[in-house]
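Residue numbers (my numbering), protein chains in the order written: chain A, 309 to 555; chain B, -16 to 238; chain C, 789 to 1020.
For glycine and all other residues, C-beta sits at the position ideal for the given N, C-alpha and C.
Report on the following structure.
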């Protein structure tokens, strides 16, 4: 877990405005290779908007985002090419209900990376083994539990061999007994050196797996630190208040 | 998306070119030229029946209204229209560039139609006879065809004993047509004159021409007066009174 | 009873056998099916194109001018009766063109159906969860790929019943094709009726439409069930 790797994502003075509301109010941040950056903050703080801006699902009002040294906020670049290298996992899984688990995973590699069906299937089965769901390959999403769906969603992103994984509250929609199985996979990913940005309310995960924790409030990064310092010695008043509520 | 749109445009153009390449206009100068020509008629009229028999059903196009057949003729969609003489005159007067061929296509007898066994037949025959004798009928014809004199007016103070529903298709000038939102014409005035004689008030029911016989048969109308020609087929379905007028089927063509 | 049967047989003979009158029905049916089929294709293609333009505008605010044109198209078509549209295409649009009447009918019914199909498809697209769209885009699919591989298959399943209903309406609506003297099934029956003055052709015509619609509904039900099975 190298924290001093090269910069993978460079965010520069990012703003996002909805009418008069500033969801992002000038954020500048670097995500380095191998980092597991955990983003926390009260609801409406802008943490999800920040994450969704990183692959331009939200178009920033102002500011720049460099991903692997390319300015992806430049309208002239083909964002679709860069998104392939940024996996994203959603709160509500967003699996494709009309496709089997295997098809969910192989659709993008076959259509976008032009992998052969055999190659894509083999890789998908490998990933399914890893998350322990190989026997569900031919099932449809509606036949799976929430925890299983989220594990499949993670696998679907991994099948594109991304350089970074973005997690948008991946366990918030799960029944409590299913949270563990998803976090387990994420821990494994982190251990294998995947660069991750995770918006979550799971403080345990932040402490145990995170290399750095960002506290978002009112569209700004109010405080950030290594997990130990972040939780044991908070400086910002709002962060103290926030931690007292969630811990 | 652009590809799809341009593909559609091309398809539309090809389609319209194929469609335009269809057939050329046939010039009709006499009845003999009708062979192989596209002939427009009003569905179910004697013109339709005769022309379909004589020239083959595939050469006859049946429109719901005479006026639509004439419009198709004006746009060269068909080559000729066979229709009754009187409406033909009205159409030609209204539309420049049309003329009626001098030789008539067919002559026919117009009569009122009734439900089989109706006792009204005898009453109508008597009334028509009287109206022809006293000049009322001629006055009606003179008014509508030559524009002379006045339309028929019911005498003051008639007590009606009953009401009769008259089935007609008010798109057949000068026999029956709309003017100022009321239906007038030879058949209408004649029916009122007959009704006045017999003590019936006449109520007009306007319908598609090919529904008229059915309406009389089913008793939905008491009689039909619609420039209706006596034919053998129709005689099987309804009873006809004596003919009150000899109609002529003529051919309208482009000049 | 025997008299009634005899009368029925006589009537039948006169309406369908004499002069090969059944041919009016058969030829008319052929025309009706041809017009319905071609109009269906035109309507579906047009409907999908219009729906995608409108949905794209709704989602991204792009294609403003095209969206505007589509709105006018839908408003005009849905705001006027199909018979009037048919007559306008015949006597106004193609006033100076000698055009096959089948083409006129296909254009009129296809254009008409397209407007309804467009609204059905658009509602189908909008009914697919926004998250599906985001999932597709986040994997690197572009807008069109996301539509084709992810949104449309789901939308199609949602709208199949409404689409099937529209097809049934279309089949029945073609019965006004007789207004431009096209010999469809209804007109075929009317022509026989104008010769025999009998109710029988009307009943025959009605029964044929009914059989067509019932057969089509059955097919549609099968298709729907198959699509649904695919997911469970």
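Residues that residue i bridges to, as DSSP identifies them
i	result
residue 397 of chain A	A:475
residue 230 of chain B	B:91
residue 98 of chain B	B:221
residue 933 of chain C	Answer is none; residue 933 of chain C lacks a bridge partner.
residue 344 of chain A	A:504
residue 23 of chain B	B:44, B:64
residue 860 of chain C	DSSP, once it has assigned bridges, lists no residue as partnering residue 860 of chain C.
residue 151 of chain B	B:189
Alpha-carbon to alpha-carbon, residue j and residue i
i	j	result
residue 193 of chain B	residue 899 of chain C	30 Å
residue 459 of chain A	residue 434 of chain A	14 Å
residue 969 of chain C	residue 982 of chain C	14 Å
residue 5 of chain B	residue 950 of chain C	Residue confidence is low: residue 5 of chain B scores 45 on pLDDT, short of 50, so the model does not pin down where it sits. Its coordinate-derived value is still stated next. When rounded, the distance between both Cα atoms is 37 Å.
residue 427 of chain A	residue 358 of chain A	35 Å
residue 924 of chain C	residue 941 of chain C	13 Å
residue 973 of chain C	residue 407 of chain A	43 Å
residue 521 of chain A	residue 548 of chain A	14 Å
residue 450 of chain A	residue 904 of chain C	32 Å
residue 165 of chain B	residue 76 of chain B	21 Å
residue 538 of chain A	residue 495 of chain A	20 Å
residue 344 of chain A	residue 918 of chain C	28 Å
residue 893 of chain C	residue 868 of chain C	16 Å
residue 920 of chain C	residue 552 of chain A	36 Å
residue 410 of chain A	residue 884 of chain C	59 Å
residue 888 of chain C	residue 830 of chain C	17 Å
residue 158 of chain B	residue 56 of chain B	22 Å
residue 971 of chain C	residue 17 of chain B	21 Å
residue 877 of chain C	residue 862 of chain C	16 Å
residue 339 of chain A	residue 317 of chain A	5 Å
residue 425 of chain A	residue 413 of chain A	11 Å
residue 3 of chain B	residue 431 of chain A	Low per-residue confidence applies at residue 3 of chain B: pLDDT is 48, beneath 50, and the placement is therefore not dependable, though the value from the model is reported in the following sentence. Going from the Cα of residue 3 of chain B to the Cα of residue 431 of chain A covers about 58 Å.
8 Å CB neighbourhood of residue i in its chain, flanking five on each side removed
i	result
residue 141 of chain B	179, 182
residue 368 of chain A	322, 323, 324, 332, 361, 381
residue 948 of chain C	1008, 1011, 1012, 1015
residue 1001 of chain C	956, 959, 960
residue 828 of chain C	898, 901, 955, 958
Residues near residue i in its chain [Cβ-Cβ closer than 6 Å; skip 5 each side]
i	result
residue 330 of chain A	527
residue 943 of chain C	912, 913, 916
residue 156 of chain B	70, 73
residue 87 of chain B	231, 233
residue 400 of chain A	481
residue 346 of chain A	506, 514, 518, 521
residue 48 of chain B	154
Residues near residue i by beta carbon distance below 7 Å, same chain, minus five either side
i	result
residue 984 of chain C	802, 803
residue 221 of chain B	96, 97, 98, 99, 196, 199, 200
residue 980 of chain C	803, 809, 812, 989
residue 910 of chain C	839, 842, 843
residue 366 of chain A	324, 357, 360
residue 420 of chain A	392
beta-carbon residue i near the ligand ATP non-hydrogen atom, thresh 7 Å
i	result
residue 813 of chain C	Looking at this structure, you won't find the ligand ATP or any other ligand, since it has none at all.
Test: residue i CB closer than 8 Å to a CB of chain D
i	result
residue 991 of chain C	Here the protein chains are A, B and C, and chain D is not one of them.
* Pick out the complete alpha helix (DSSP H) segments inside the region 442 to 525 of chain A, 4 residues or longer, and give them in chain order. => 454 to 466, 484 to 499, 511 to 517
So within the region 26 to 96 of chain B, which uninterrupted beta strand (DSSP E) runs reach at least 3 residues, ignoring any that extend past its ends? Counting whole runs of 3 or more residues, the region 26 to 96 of chain B contains the beta strand (DSSP E) stretches 43 to 46, 63 to 67, 81 to 83, 89 to 93.
**Study point:** Where the region 155 to 189 of chain B meets chain C: residues whose CB sits under 8 Å from a CB there
**Key:** none
- Query: Taking only runs of the beta strand (DSSP E) that begin and end inside the region 154 to 183 of chain B, which ones reach a length of at least 3 residues, in chain order?
  - Reply: 159 to 162, 165 to 167
Problem set entry | Members of the region 390 to 417 of chain A that neighbour chain C once the beta carbon cut-off is set at 7 Å | 391, 392, 396, 398, 400, 402, 404, 405, 406, 415, 416
* To do: Give, in chain order, every residue of the region 929 to 940 of chain C whose Cβ lies closer than 8 Å to some Cβ of chain A.
  => 929, 930, 933, 937, 938
Hey, which unbroken runs of the beta strand (DSSP E) at 3 residues or more fall wholly within the region 369 to 413 of chain A? 370 to 375, 394 to 397
Inset, instruction - Check each residue of the region 212 to 229 of chain B: if its Cβ is closer than 9 Å to any Cβ of chain C, include it; give the result in chain order. - result: 216, 217, 219, 220, 221
_Counting only Cβ-Cβ distances shorter than 8 Å, please list the residues of the region 908 to 921 of chain C near chain A, keeping chain order._
Contact residues of the region 908 to 921 of chain C toward chain A are 917, 919, 920 (C-beta to C-beta distance below 8 Å).
Check your understanding: Just by C-beta distance, which residues in the region 35 to 52 of chain B are closer than 7 Å to chain C?
Key -> 44, 45, 46, 47
Within 8 Å of chain C by C-beta, residues of the region 55 to 80 of chain B in sequence order: Taking 8 Å as the Cβ-Cβ cut-off against chain C, the residues of the region 55 to 80 of chain B that qualify are 55, 58, 59, 60.
Going along the chain, which residues of the region 456 to 479 of chain A sit with their C-beta nearer than 7 Å to a C-beta in chain C? 468
Mind listing, in chain order, the continuous alpha helix (DSSP H) runs of no fewer than 4 residues lying wholly within the region 900 to 986 of chain C?
918 to 927, 931 to 934, 940 to 961, 973 to 984
Interface residues of the region 369 to 390 of chain A facing chain C [CB-CB below 9 Å]: 386, 387, 388, 389, 390
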